[in-house]
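Residue 124 in the numbering used here sits at position 116 of the sequence shown, with consecutive numbering throughout.
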Amino acid sequence: MGVIIPAVLLASATVIAWLIYKHLRMRQVLKHLNQPRSYPIVGHGLITKPDPEGFMNQVIGMGYLYPDPRMCLLWIGPFPCLMLYSADLVEPIFSSTKHLNKGFAYVLLEPWLGISILTSQKEQWRPKRKLLTPTFHYDILKDFLPIFNEQSKILIQKLCCLGVADEEVDVLSVITLCTLDIICETSMGKAIGAQLAENNEYVWAVHTINKLISKRTNNPLMWNSFIYNLTEDGRTHEKCLHILHDFTKKVIVERKEALQDSDYKMEGRLAFSRQICCTIRILRILCSRNRKF
9 MGVIIPAVLL ASATVIAWLI YKHLRMRQVL KHLNQPRSYP IVGHGLITKP
59 DPEGFMNQVI GMGYLYPDPR MCLLWIGPFP CLMLYSADLV EPIFSSTKHL
109 NKGFAYVLLE PWLGISILTS QKEQWRPKRK LLTPTFHYDI LKDFLPIFNE
159 QSKILIQKLC CLGVADEEVD VLSVITLCTL DIICETSMGK AIGAQLAENN
209 EYVWAVHTIN KLISKRTNNP LMWNSFIYNL TEDGRTHEKC LHILHDFTKK
259 VIVERKEALQ DSDYKMEGRL AFSRQICCTI RILRILCSRN RKF
């Protein structure tokens, strides 16, 4: 026992020393990049805003501080994040077929979105991309134009009621609700009425979990799930997940039943709504492609 404890302490000290060396070495390599003054380990944690909106305003402001080249290095604790403010700088990354692995921050999305095309690494991303690509064919998307038009009309009505002359209006929230309505009705065949309902549980969960994830991203201590789940934000996060996953599971069950019954009902010449037919078309493509993978 007397030998084990010193050995464990020595091993722990060695690991910590190696991590510190690796961090300092990384800072040395990246010191030539545009960046505000930062400190080892804590990075820019002493100057960044804790709330998502304030943090985003800071990130946007840094783009004006460093116009040439339009990039800035931000340290989230001991982790470097390179902010790019030019389409020319971003294009090589977005068009690359090699650099497909996501950063660690994407792991925070997995409890909500799972291993999806957004969060998956290179090996999983390719088959998922092949699975989804056929569903974005023009012949399928044009079938959803009535939904786009209907939700856009509601958006215009809301925008007309928002502000008066010479008054600034934040349109992000209303456009987000319109987008949510369109996505849910086209991809899942489920109208949630996000733009019209004032107290929609699903809409609340989507907005809340987005804010929580943004806030958690800025605090490396909260990246640990065990610690995070002990906090008030962690408990709210779990509540949101429960609402979102229950909704998704219910929709999947309903759409599968609609898919199974579609041939029988069409043979019986029962009227199917345009929305259901379009959704079934997407489901058939996804199911057939899924069997291949």
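A virtual CB, placed ideally from N, CA and C, is assigned to each residue, including glycine.
Query                                                                                                                                                                : Result
Could you round the C-beta distance between Glu209 and Ile251 to whole angstroms and report it? I think they count as a contact, below 8 Å.                          : 6 Å
Rounded to the nearest angstrom, what separates Ile164 and Ile84 at their Cα positions?                                                                              : 39 Å
Determine the direct distance from the alpha carbon of Val37 to that of Ile55, and round the result to whole angstroms.                                              : 22 Å
Answer yes if the region 51-66 comes into contact with the region 215-223, meaning at least three C-beta pairs across the two stretches below 8 Å, and no otherwise. : yes
Just the C-alpha distance for Leu20 and Leu238, rounded to the nearest angstrom, thanks.                                                                             : Reading off the sequence shown, one finds Ser at residue 20, where the question assumed Leu. Distance between the alpha carbons of Ser20 and Leu238: 25 Å.
Which one of Pro58, Pro86, Val98, Phe87 has the shortest CA to CA distance from Pro77?                                                                               : Val98
Report yes if the C-beta distance between Cys186 and Gln159 is below 8 Å; otherwise report no.                                                                       : yes
Less than 8 Å between the beta carbons of Leu108 and Leu117, yes or no?                                                                                              : no
Which of helix, strand or coil does DSSP assign to Gly53?                                                                                                            : coil
Cβ of Arg263 within 8 Å of Cβ of Gly197?                                                                                                                             : yes
Which one of Asp254, Val261, Asn226, Glu246 has the shortest CA to CA distance from Tyr114?                                                                          : Asn226
Output the boundary residues of the beta strand (DSSP E) element that contains Leu90.                                                                                : 87-92
Going by DSSP, which residues form a beta bridge with Ile84?                                                                                                         : Gly51, Phe87
How is the alpha helix (DSSP H) around His40 delimited, first residue to last?                                                                                       : Taken as a continuous stretch (DSSP letters only), His40 belongs to no alpha helix (DSSP H), as it is neither H nor E.
Between which two residues does the alpha helix (DSSP H) holding Leu226 run?                                                                                         : Reading the sequence as shown, one finds Asn at residue 226 and not Leu. Where Asn226 is concerned, there is no enclosing alpha helix (DSSP H), given that its DSSP letter is neither H nor E.
Taking the alpha-carbon positions, what's the Leu153 to Phe144 distance?                                                                                             : 13 Å
Specify, as a first and last residue, the run of the alpha helix (DSSP H) that Pro60 falls within.                                                                   : 60-73
Give me the Cα-Cα distance between Pro75 and Pro44, rounded to the nearest whole angstrom.                                                                           : 14 Å
Is Leu81 closer than 8 Å to Leu90 when the C-beta atoms are compared?                                                                                                : yes
Which same chain residues, not among the five before or five after Ile49, have their C-beta less than 6 Å away from its C-beta?                                      : Pro86
Between Asn232, Gly242, Thr216, Val211, which has its C-alpha nearest Phe255's C-alpha?                                                                              : Val211
Give me the Cα-Cα distance between Glu175 and Lys166, rounded to the nearest whole angstrom.                                                                         : 16 Å
If you reduce the DSSP assignment to three classes, tell me which class Met196 lands in.                                                                             : coil
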